[in-house]
């Protein structure tokens, strides 16, 4: 994946919209049922499995700390750290992932996709 898109200066809607078109990340439409997304944030690792119908099984990070793993949830999208959310992105470097229960991760460092049928790394 390419380096994260950084928006400097004033965060106007026009600037965010222009930057959103250049985002490097995993989009909902690119995931099939059974695909895995490994998301490394500043503080945690999340392992996400696409279940279909906009549902995901999530382990790691917050869900492990709260004893909820694996949790079935939706993903609202990703933010730049404010209230603007890119709803078609599941995860992207430099962004913050927001789950359906409103949990927001720390900044995403790395994203890796494993297609259905591929083995998870050890």
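Numbering (our numbering), first residue to last: 11 to 132.
Virtual Cβ for every residue (Gly too), placed ideally from N, Cα, C.
Could you check what DSSP says for residue 37 in three-state terms: helix, strand or coil?
strand
Measure from the alpha carbon of residue 87 to the alpha carbon of each residue in 118, 107 and 81, then state which is nearest.
107
Just mark residue 76 as buried or exposed, buried being the case when its beta carbon has 16 or more other beta carbons within 10 Å.
exposed
Could you tell me which residues DSSP puts in a beta bridge with residue 126?
Answer by DSSP bridge pairing: none, since residue 126 is not bridged.
Measuring straight from C-alpha to C-alpha, what distance separates residue 123 and residue 37?
11 Å
Bridge partners for residue 57 per DSSP, in chain order?
48 and 69
Give the straight-line distance between the Cα atoms of residue 113 and residue 128, rounded to the nearest whole angstrom.
28 Å
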